[in-house]
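Novice: 1 is the number of the first residue of the sequence shown in my numbering; add one for each residue after it.
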Amino acid sequence: MQPLTVLILTLNEEVNIVPCLQSVSGWATNVFILDSGSTDNTVQLAEAGGATVFHRKFDHYAAQRNYAIHDLPVTTEWVLFLDADEQLTDPLKERITQAISQPAGHNGYFIPFKFIFLNRWIRYGGYYPTYILRLFRREAVEQIDREMDEQITVTGTTGYINEPFIHQDRKPVQFWYEKHARYTRYQVTDLLKSDQEKTLRWADATSQRDRKRWIKEQIWGRIPVLLRPFFYFFYRYILLLGLLDGRAGFIYHFSHAFLYQFMIAAVYIDEHSRLSANERR
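#1: Would you check if the region 47 to 64 and the region 91 to 107 touch, i.e. whether three or more CB-CB distances between them fall below 8 Å?
#2: Let me know the beta strand (DSSP E) ranges lying completely inside the region 121 to 153, each 3 residues or longer, listed in chain order.
#3: So who's on the other strand from Ile166, going by DSSP bridges?
#4: With a threshold of 16 other CB atoms inside 10 Å of the CB of Tyr345, please say whether the residue is buried or exposed.
#5: Can you tell me which of Arg134, Thr76, Ile166 puts its alpha carbon nearest to the alpha carbon of Gln151?
#6: What ranges does the beta strand (DSSP E) occupy inside the region 33 to 102, keeping only unbroken runs of at least 3 residues that lie completely in it?
#7: Buried or exposed for Ser38, going by 16 or more other Cβ atoms inside 10 Å?
#8: What residues are listed by DSSP as bridge partners for Gln2?
#9: Quick check on Ile238: does DSSP put it in helix, strand or coil?
#10: Could you check the C-alpha separation between Gly24 and Ile132 for me, to the nearest Å?
#11: Near Glu13, what residues of its chain come up, given a Cβ to Cβ distance below 6 Å and the 5 sequence neighbours on each side ignored?
#12: Measure the beta-carbon distance from Tyr124 to Phe115 and round it to whole angstroms, keeping in mind my assumption that it falls under 8 Å.
#13: Using the Cβ count rule (16 or more neighbours within 10 Å means buried), how would you classify Ala181?
#14: The alpha helix (DSSP H) that contains Gly159, what's its start and end?
#15: Quick check: Gly221 and Ser194, are their CB atoms within less than 8 Å of each other?
#16: Hey, quick one: how far does the alpha helix (DSSP H) through Leu275 stretch, first residue to last?
#17: Which word fits Leu191, buried or exposed, when buried means at least 16 other C-beta atoms lie within 10 angstroms of its C-beta?
#18: How many Å lie between Leu80 and Phe136 at the Cα?
#19: Relative to the C-alpha of Asp145, which residue among Pro172, Arg65, Asp71 is closest?
#20: What three-state label does DSSP hand Ile8 in the structure shown?
#21: Give the single residue among Ile96, Leu227, Gly246, Ile161 whose Cα lies nearest to the Cα of Phe258.
#22: Provide the residue span of the alpha helix (DSSP H) that contains Val15, from first to last.
#23: Using C-beta distances below 6 Å, list every residue in its chain close to Trp121, excluding the 5 sequence neighbours before and after it, in chain order.
#24: What number of angstroms, rounded off, separates the C-alpha of Val141 from the C-alpha of Trp78?
#25: Going by DSSP, what residue range makes up the alpha helix (DSSP H) through Arg247?
Below is the structure:
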């Protein structure tokens, strides 16, 4: 077994949790699940799969991850975050084993993911490779911020593992739409915050994650909100060749632009006007 703890957040993930656990069972020292009130068979399946289940009421993602790191009985030096709809591959596990066995190595590692939508790898449109910091030394965690698309910051240096994990939600596609309707409020909160303060300078954007954050604040934020869905679709589907992902790619990029991004734009306009009206009172 590898001297690391896998942490997984769950809420009604019975169709996803078994393959997720199977990909780390017998490999990690501990597999801890932090469940936020599942009403299906998630907890029973997780316990049957060898995971230890803990419970916490959900408020937002950063708080859940902070709690998982600091309040669960993690005894290993290394921690790996996985979502319930994600899996490790054997080549990736080998690369992780190599990374954490180096005593003078980095304090955190960015890992790319392969996003599967409607049984098709969304390879184009700028989505691959997207790197996420998921593997880190627990004591090196400096902060976890943002309520959604949360970002883990560690002290010291970070490195990259080029072997991807698999992100494949096995729920019907309608759940993707329902989930992103819920995500809208987090994105709007982030946009309103960016209106007030820019958190990053380009000179400090040393990782792919930081560069994307700078672009979101300094470029995306300057595009009129009702034009953003159209720009997003053209950029992802045409310029970055999302059209090469076939029918699944068209459905995904169209939905992400003209449903999700348009919902964000509409809610942002409403919230911004309400805030402006309150300030004038």
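Using N, Cα and C, we set each Cβ at its ideal position, and we do this for glycine too.
Specialist: In brief:
#1: no
#2: 131 to 137, 141 to 145
#3: Gln87, Lys114
#4: The structure shown does not extend to residue 345, since the chain spans only 1 to 281, so no value can be given for it.
#5: Arg134
#6: 52 to 55, 78 to 83
#7: buried
#8: Ala28
#9: helix
#10: The sequence shown places Val at residue 24, rather than the Gly named in the question. Rounded to whole angstroms, Val24 to Ile132 spans 18 Å at the Cα level.
#11: Thr42, Ala84
#12: About 11 Å; that fails the 8 Å criterion.
#13: exposed
#14: Unbroken run through Gly159 is the beta strand (DSSP E), 158 to 160; no alpha helix (DSSP H).
#15: yes
#16: 262 to 280
#17: buried
#18: 7 Å
#19: Arg65
#20: strand
#21: Leu227
#22: First-last for Val15: undefined, no H or E at that position.
#23: Lys114
#24: 11 Å
#25: 246 to 255
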